[in-house]
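Written out below as structure tokens is the structure these notes cover.
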Amino acid sequence: MSTDLAALVDDRLSGLLPRRDGNERATTLGAGGYDIEAGRAYLAATVEDGLALPTWPQQYGGRDATRSEAAEIASATKQYVVPDLYPFRVGTNMAGPVLLEHGTIAQRDRWVRNMASGAEIWCQMFSEPDAGSDLANVSTTAVRDGDGWRLNGQKVWTSRGEYADWGICLTRTNPDVPKHNGLTMFALDMRSPGVLVRPLVQMNGDSHFSEVFLDDAFVPDEQRIGE
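Numbering (the working numbering), first residue to last: 1 to 227.
What follows is the structure in structure tokens.
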């Protein structure tokens, strides 16, 4: 391992997190009991050096690291008890990479670094009551309305929905083409008028998923992702 990278990790984490003593149980992402504020504090403390997402561009909270460098950072980080980052994973593992690949510069500047720092939490709204593994059955609609779109429909099994700030939402914008076409993604402010989030309570009382109802929720066109 690079001495410099290991030293950087130690310098940043030694005063922030306890070291592992070999007896701690491994963190199981999404197992419950996660502390959103602890995860946010960890991401905020590491974003300047890009330690949590080292392969991301530096300007968006990474450090432009190679895969080998990222592996070294991960190995050094494993010496510490890192908070469960489950609440932030839709942003860092899905929405962030989508925006880095397909988003406009303005969209990247607005959202991506906030994902890396933990400032904003994202959820994913793909599944519907009649569209799970076959996303081509998506029926949630987005219809043009002036300089934006009106979204109507229902999403289900939305992880992080109950506390997310933003959601990446798959909609049908053209019902007159084959069902695998005519689909568009939007970045949706989860506190917009017309957005209702209802947690789904499991048999054990936990709630890891939500259903989301969209009733004429307005999304500006600049929040449309891709073509």
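Cβ atoms here follow ideal geometry from the backbone N, Cα and C, with glycine treated the same way.
No experiment lies behind these values; they were computed from the predicted model shown.
- According to DSSP, residue 188 shares a beta bridge with 167.
- If you look at residue 219, you'll find it in the beta strand (DSSP E) that goes 209 to 220.
- The beta carbon of residue 45 is closer than 6 Å to those of 16 in its chain, skipping five residues each way along the sequence.
- Within the segment 133 to 167, the runs of beta strand (DSSP E) at least 3 residues long that lie entirely inside it are, in chain order, 141 to 145, 148 to 159.
- Counting the other Cβ atoms within 10 Å of the Cβ of residue 175 gives fewer than 16, which makes it exposed.
- Taking each of 152, 172, 193 in turn and checking the Cα distance to residue 185, the smallest one comes out for 172.
- The C-beta separation of residue 129 from residue 162 comes to about 18 Å, leaving the pair out of contact by the 8 Å criterion.
- For a cut-off of 8 Å, the C-beta gap from residue 53 to residue 62 is around 5 Å, short enough to register as a contact.
- Judged by beta-carbon spacing, residue 157 lies beyond the 7 Å limit of residue 187, meaning their Cβ atoms are not closer than that value.
- Residue range 122 to 125 is occupied by the beta strand (DSSP E) that includes residue 122.
- Minimum Cα-Cα distance from residue 219 among the listed residues 212, 211, 148 corresponds to 148.
- Here residue 131 carries a strand assignment [DSSP, helix/strand/coil].
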